[in-house]
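Numbering (our numbering), first residue to last: 4 to 89.
Backbone N, C-alpha and C fix where the C-beta goes; we use that ideal spot for every residue, glycine too.
Quick notes on the structure that follows.
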């Protein structure tokens with residue numbers, strides 16, 4: 004009997020998930036229209052992953068600049084430590 008309840012729970016969960024997706028798809032045009040009318044549109048900026056995939060040169064530049072900053076900081080610490088040892 005327990006197995007029947009487990010199967011029922013599985014299928015009810017699956018049906019609820021499918022219904023949720025269906026409602027979201029059906030209501031999407033209405034939600035978009037309401038957001039346009041109220042001025043609450045979602046932020047159109049690309050996500051971080053999209054930014055990375057769109058402009059690899061900018062990513063390379065950012066990495067090089069970050070590495071340069073880190074190397075400069077390490078060099079400064081080494082120099083300061085050598086001064087303190089003397």
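* Asked: How is the alpha helix (DSSP H) around residue 88 delimited, first residue to last?
  -> For residue 88, the enclosing alpha helix (DSSP H) begins and ends at 59–88.
* Can you round the beta-carbon distance between residue 36 and residue 44 to whole angstroms, since I take them to be within the 8 Å contact cut? -> Actually they are not in contact, since the Cβ atoms of residue 36 and residue 44 sit about 11 Å apart, beyond 8 Å.
* With DSSP run on the structure shown, which of helix, strand or coil describes residue 24? -> In the three-state DSSP reduction, residue 24 falls in the helix class (H, G or I).
* Three-state secondary structure (DSSP) of residue 31 -> Under the three-state reduction of DSSP, residue 31 is assigned to helix.
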